[in-house]
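Below: one structure, written as structure tokens.
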Amino acid sequence: MNYKILIADDNIKSMEGVQILLQSHLDIEAVYVDSARKAIDTIKGDPYGFAAIVLDYHFEAEDRTGADIARDLYKINQKLQIIICTGKTTPDSMLESLRARVTDFVKKENILGVVEAIRKCFPHYDQTLRYLRREKQSLVTRYSENEAALKEAEMIGRSDKMREVFETIKKSAKSKATVLIRGECGTGKELVARALHKLSERSGYNFVAINCSAIPEALLESELFGYDKGAFTGANSKKVGKFELAHRGTIFLDEIGDMAPTLQAKLLRVLQDSTFYSVGGTVEKKVDVRVLAATNRDLENAVKDGRFREDLYYRLQVLSVNLPPLRERIEDIEVLTLHFKEKHDPQNTKKILYRTMDFLKAYSWPGNVRELENTVQRLLTIVDGVEIGPDDLPSVFYQQREHGVSKPIFNYDSDYPGFQQQVNEYMSRLEHDYIISKFREIKNIRETAKALNMSKSTLHRRLRDWGYNLDENGMENEAVGH
């Protein structure tokens, strides 16, 4: 899984070596804050989002120590893994940190030691997440029908703007009034309509959707209201329209702003008294149907220009739901991406690196949620490897970031002589330990290579280099090395 670390230190230079190692070499996201207050606010906003917190012992602007701040953090979440880092170790600082029950206490200059302390937090964090999943599952069983319906309709989001949308949907669903859903293309207007239907007392009956802009005017009337036999050339039998199909249920008129004026008048009558005539028909028909409509157009200007009936406009907009574009709810991009990944990759065969997520969050998404889902589905299809990295993204993602990317102020070659060599050695040791643990678990070179997504010859060579004696079948005879 992708772990996320919070680093709280008022001296960015002192901890950037740790950030570089975590992000560039271990694919662990490191979030940096420069004050104790920001650290506390960050954890309040996401109590279980960080696998570990690296906390400076001495903040220059604080009259409290890191141990004091750790106590405040534990009040938010007792299961936090907190590592205190200090430039100067004293018996008092160590004792106070131990009394605060922090996870570890490490000197800042020992960069690899800090990283190792962070890695030791991961099993505890995994255990906490398992506990939370069990609790969440328990809550899911007690979910209200409202929440379940929103989830079923793929209404995903945790931003304030989407929370407002969810609340509006829940309230509007209880009403029988028409609802006008507004938003750019791809924002999920039909999903909102389906959620409104699912949450309403009409959920046991049909939900019928039709795109008013996709059907020519001459055909749209017969699609909506049906036609009688002989109504026109080729009408050899009677056809039931969408309004009749939606009787006692819900009809969703997408792109209502593109409807021709003649049809607007006929729709207005349905909204006023629930009656209509089919094309070529002489018998008035009556239906009980709730009308939901959607548009990405400026209906107010269309009314002023005479392209849309004012009386119909007010009839449609008794209630309204306004969907924000994806670029205005960046905090939802990650949760949406993971949702679409789970939807299109249920076997969890691929992993989206957090660096890739940075590019997704920086993109403007002119096609909104629909474009995001298509992008995720495309990446899952065309990427051959297990990991989906930034290089797998289309060039448009890089073009949008070109002007916004800042150059790093940290250079480990000059600021920490020999640091790169330490990193390489550390990464080699991690690779060695992981491969050996897998080989000892499986005890067969062919199956181990398959599990590691590595060729058998490469694994065989590495094991021999590390001193392992293998028989002709790739089984371990005797470990003479590490």
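Taking this note's numbering, I'd label the letters of the sequence shown as residues 8 to 489.
Glycine residues also receive a C-beta, built at the ideal position from the N, C-alpha and C atoms.
Annotation: the segment 311 to 374 contains the following complete segments of the beta strand (DSSP E) (minimum length 3 residues), in chain order: 326 to 329. Contact between valine 383 and threonine 344 holds: their C-beta atoms lie close to 6 Å from each other, under 8 Å. Annotation for alanine 300: the continuous beta strand (DSSP E) segment containing it runs 297 to 302. In the pairwise beta carbon analysis, the segment 223 to 243 is classified as not touching the segment 186 to 195: fewer than three pairs are separated by under 8 Å. By the CB criterion at 8 Å, threonine 289 and isoleucine 263 fall outside the cutoff. Less than 8 Å separates the beta-carbon of threonine 185 from that of valine 298. Runs of the alpha helix (DSSP H) spanning 4 or more residues and lying entirely within the segment 208 to 289 occur at 224 to 232, 249 to 252, 268 to 280, in chain order. In the DSSP annotation of this structure, the continuous segment of the alpha helix (DSSP H) that includes valine 25 starts and ends at 19 to 27. Judged by pairs of C-beta atoms under 8 Å, the segment 248 to 255 does not touch the segment 310 to 318, as fewer than three such pairs exist. Residues of the same chain with a CB within less than 6 Å of the CB of glycine 94, apart from the 5 flanking positions on each side, are Lys115 in chain order. Within the DSSP secondary-structure output, phenylalanine 112 pairs in a beta bridge with Ile91. In this structure, the straight-line span from the alpha carbon of alanine 15 to that of glutamine 26 is close to 11 Å. Rounded to whole angstroms, glutamate 448 and tyrosine 441 show a C-alpha spacing of 11 Å.
Scanning Arg316, Arg336, Thr72, His439 for the CA closest to the CA of leucine 367 turns up Arg336. With a threshold of 16 other beta carbon atoms within 10 Å, leucine 226 falls short and is exposed. For aspartate 63, the CB contacts under 7 Å within the same chain, skipping 5 residues up- and downstream, are Ala15, Asp16, Asp17, Gly73, Cys92 in chain order. Note on arginine 140: under 16 other CB atoms within 10 angstroms of its CB, so exposed under the neighbour-count rule. Taking a C-beta distance under 8 Å as the contact criterion, isoleucine 359 and isoleucine 395 qualify as a contact pair.
Shown here, arginine 71 sits in coil according to DSSP, grouped into three states, outside any helix or strand.
Taking the CA atoms as reference points, phenylalanine 446 sits about 55 Å from serine 210. Rounded to whole angstroms, the Cβ separation of leucine 386 and aspartate 399 is 6 Å, and the two are in contact under 8 Å. Residue pairing from DSSP places glutamate 394 in a beta bridge opposite Lys358. The criterion of a C-beta distance shorter than 8 Å is satisfied by glutamine 88 and alanine 58. Around the C-beta of glutamate 171, fewer than 16 other C-beta atoms lie within 10 Å, and the residue is accordingly described as exposed.
As far as DSSP is concerned, lysine 86 takes part in no beta bridge. If you ignore the 5 residues before and after cysteine 219, its C-beta comes within less than 7 Å of the C-beta of Leu227, Leu260, Asp261, Glu262, Ile263, Asp265, Met266, all in its own chain and listed in chain order. Around proline 54, the same chain offers Ile83, Asn84 as residues with beta carbons nearer than 6 Å, after the five sequence neighbours per side are excluded. Apart from the 5 residues on each side of it in sequence, leucine 326 sits with its Cβ closer than 6 Å to the Cβ of Ser179, Ala184, Val186 in its chain, given in chain order. Contact between glycine 233 and glycine 256 fails: their C-beta atoms lie close to 16 Å from each other, not under 8 Å.
Valine 61 sits in a strand when the DSSP states are folded into three classes. Non-local beta-carbon contacts of isoleucine 12 in its own chain, meaning distances under 8 Å to residues more than five positions away in sequence, involve Leu29, Ile35, Glu36, Ala37, Val38, Phe57, Ala58, Ala59, Ile60, Val61, Ile125 in chain order. C-alpha of glycine 24 to C-alpha of aspartate 41: approximately 16 Å in a straight line.
For isoleucine 47, the enclosing alpha helix (DSSP H) has its first and last residue at 43 to 52. Residue state for asparagine 9 is assigned as coil, using DSSP reduced to three classes. The C-beta distance from tyrosine 361 to asparagine 9 rounds to 5 Å, short enough to fall under 8 Å. Glutamate 69 places its beta carbon less than 8 Å from that of alanine 43.
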